[in-house]
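Engineer: Chains as they are written, first to last, in my numbering: chain A, 1 to 287; chain B, 288 to 552.
Structure below.
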């Protein structure tokens, strides 16, 4: 973890209390965000997002598979996050496993919504090719290249960018297959369907340090946190998921206050992110 | 529809899809829930402590058909490989029996739910336990879901805090947990497995009622802010009622063990 002296700890805590953080930001200011799309040519869609020294890559791969017997009209989405030991020595071996699992679960919960599929960022029924027989399995992989706090928000943003970069190949189903036979399909190499990402939420993590909370915490600030609440919010301002980290308890009224603050922050974040994604996509097409 | 034959399992299994016709009734306000409860009513709760002789502390809880047993071992010396820590560690593990689910072993087939539960249980308890009181040592919390009847995780959390208390581990307060499901326009307190299978969203709230502090909150699905408000209110009310039952269970008052009327309204 981050090793800080008592003086440094006081400096960080005192700065946050006075609304001036060590990198000159205010409590509710985020670091500048950089988005690059199409960074991995092997994947159907990919993006790299940088926020300060935090650097993450998300890739989306689509494979044809069979739908679950219980949900024949839905495709499948698997979210997996990998914390590379190149980011921090503590991620080596099994060290990153716990963090990876926590991030994957949080992202899965944000993207897939409730069990009935309402509130999902990704519309699972759009992934079905032939009901009950063929569907697209989306494998979303996140990779933490460099870690300086606020990983969940960065990964959320990267996945959103990667999904808007994703082209799902058009599939032509050969007619004539009947009964239990698996129909033959022809996957097009040229025609791609764009993925609808307007419903994909962004994640805003509010980290509580002392009596105040901050957005986009660096790892130094995170080491001083008592608890953190990650809220995913979509464009309509609806909450799509919420998880809490850190041991300390919170008063219910503070949580509600955090939710309303997160909403305001998310509006800006969605707009910035969308314009960055659009710029990145345009830049990619030119080159 | 002839093509659908390949997708249905060849053997009978009471899967949620076979019961889906019932979900239609949830849109209607007058219809009660499958077990005749009101929307904001919990299942009758039962707690018992000291059920495992070998453990330092243990508790059994049943909420309707959800049955859970939690044993606490320790504090014992942390493993040598672990780094020195001047506060204690909690080691939490949630597992399911093979017969816990309608289809045998289903809990393990449907992804690694129990692994996620273990970390959620840990997060829910660590804020309430005074870890400073057992430095360099580890306390093991093992939870076993005997029967999964919905709201498994909240029951596990409440039961685990009772087991910790039974083991004499210092805590700030008992931890109680309740979930609400969002079914259409309605918020349903303490959902059953059947209700959970077609919920639009869920909210699990874990709190320390006497301190009015939320130690863990997880929301899935799409929620508006007023709905979150309402959901949290329902949960905190139910939590404080559960803590009364749990306290009387610890004191050994049998009379208050059974709770029939936990209607929040």
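Note that the Cβ used here is the ideal one computed from N, Cα and C, for glycine as well.
This structure is a prediction, so every number in the text was calculated from the model and none was measured.
#1: For residue 503/B, which residues of its own chain have a beta-carbon under 6 Å away from its beta-carbon, when the five flanking residues on both sides are left out?
#2: Out of 105/A, 84/A and 104/A, point me to the one whose CA is closest to residue 95/A's CA.
#3: What are the boundary residues of the alpha helix (DSSP H) that residue 112/A is part of?
#4: Near residue 362/B, what residues of its chain come up, given a Cβ to Cβ distance below 7 Å and the 5 sequence neighbours on each side ignored?
#5: Applying the 10 Å Cβ sphere with the 16-neighbour rule, what's the burial state of residue 296/B?
#6: Answer yes or no: does any C-beta atom of chain B fall closer than 8 Å to that of residue 208/A?
#7: Using a Cβ cut-off of 8 Å (strictly closer), state whether residue 242/A contacts chain B.
#8: Taking 6 Å as the limit between beta carbons, can you name the residues of its chain near residue 164/A, skipping five residues before and five after?
#9: With a cut-off of 8 Å, does the C-beta of residue 524/B fall near any C-beta of chain A?
#10: Going along chain B, which residues have a C-beta under 8 Å from residue 152/A?
#11: Which term fits residue 416/B, buried or exposed, when burial requires 16 or more other beta carbons within 10 angstroms of its beta carbon?
#12: Scan the region 203-238 of chain A and note each continuous beta strand (DSSP E) run of 3 residues or more that stays entirely inside, going in chain order.
#13: Per the contact definition of three or more C-beta pairs closer than 8 Å, is the region 200-218 of chain A in contact with the region 480-493 of chain B?
#14: Hey, is the region 348-367 of chain B in contact with the region 424-444 of chain B, meaning 3+ C-beta pairs nearer than 8 Å?
#15: Helix, strand or coil for residue 313/B, going by three-state DSSP, please let me know.
#16: Roughly how many angstroms lie between the CA atoms of residue 29/A and residue 16/A, to the nearest whole one?
#17: Please list, in chain order, all residues of the same chain as residue 240/A whose beta carbon is under 7 Å from its beta carbon, the five residues on each side excluded.
#18: Name the residue from 27/A, 24/A, 66/A and 50/A whose alpha carbon lies nearest to the alpha carbon of residue 280/A.
#19: Given that residue 326/B touches chain A, what residues does it touch there, using C-beta distances under 7 Å?
#20: Assuming residue 204/A contacts residue 274/A under a Cβ cut-off of 8 Å, what Cβ separation, rounded to an integer in Å, is found between them?
#21: Excluding the five sequence neighbours on either side, which residues of its own chain have a C-beta within less than 6 Å of the C-beta of residue 55/A, listed in chain order?
#22: Note down, in chain order, each residue of its chain lying with its Cβ closer than 7 Å to the Cβ of residue 36/A, except the 5 sequence neighbours on either side.
#23: Could you pull the DSSP bridge partners for residue 244/A from this structure?
#24: Leaving out the 5 sequence neighbours to the left and right, which residues in its chain are closer than 6 Å to residue 33/A when beta-carbon positions are compared?
#25: In whole angstroms, what is the alpha-carbon distance linking residue 516/B and residue 242/A?
#26: DSSP three-state call for residue 288/B: helix, strand or coil?
#27: For the region 428-448 of chain B, which residues have a beta carbon sitting closer than 8 Å to at least one beta carbon of chain A?
#28: For the putative contact between residue 536/B and residue 408/B, defined by C-beta atoms under 8 Å, what is the C-beta separation to the nearest angstrom?
#29: Could you tell me the distance, in whole angstroms, from the CA atom of residue 268/A to the CA atom of residue 237/A?
#30: Where do the ends of the alpha helix (DSSP H) carrying residue 441/B lie?
#31: Who are residue 468/B's beta bridge partners in DSSP?
#32: Rounded C-beta distance between residue 155/A and residue 170/A? I'm assuming under 8 Å.
#33: If the cut-off is 7 Å on Cβ atoms, which residues from the region 487-520 of chain B count as contacting chain A, listed in chain order?
#34: Look up residue 45/A in the DSSP assignment and give the residues it is bridged to.
#35: Pick helix, strand or coil for residue 40/A, following the three-state DSSP scheme.
#36: Please report how far the alpha carbon of residue 327/B lies from the alpha carbon of residue 526/B, in whole angstroms.
Structural biologist: The structure says:
#1: 410, 411 and 493
#2: 84/A
#3: 97-112
#4: 375, 421, 424, 425 and 426
#5: Because the pLDDT of residue 296/B is 46, which lies under 50, any placement of that residue in the model is unreliable, and the number read from its coordinates should be weighed accordingly. Flag for residue 296/B reads exposed.
#6: no
#7: yes
#8: 197 and 277
#9: no
#10: What residue 152/A touches in chain B: nothing, since even the nearest Cβ is about 14 Å away.
#11: buried
#12: 212-215 and 227-233
#13: no
#14: yes
#15: Reliability of the predicted coordinates at residue 313/B is poor, the pLDDT of 48 falling under 50, and no value is obtained from them.
#16: 12 Å
#17: 110, 113, 119, 121, 201, 232, 233 and 234
#18: 50/A
#19: Per Cβ cutoff of 7 Å: no residues; residue 326/B is ~17 Å from chain A at best.
#20: About 15 Å; that fails the 8 Å criterion.
#21: 145 and 146
#22: 47, 48 and 280
#23: 229/A
#24: 51
#25: 13 Å
#26: Here residue 288/B scores only 38 on pLDDT, less than 50, and its place in the model is too uncertain to base an answer on.
#27: none
#28: The Cβ separation is near 20 Å, so there is no contact.
#29: 12 Å
#30: 439-453
#31: 475/B and 489/B
#32: Going by Cβ atoms, the distance from residue 155/A to residue 170/A rounds to 29 Å, so no, they are not a contact pair.
#33: 487, 488, 489, 495, 498, 499, 500, 501, 502, 503, 504, 505, 506, 507, 508, 509, 510, 511, 512, 515, 516 and 519
#34: 60/A
#35: coil
#36: 12 Å
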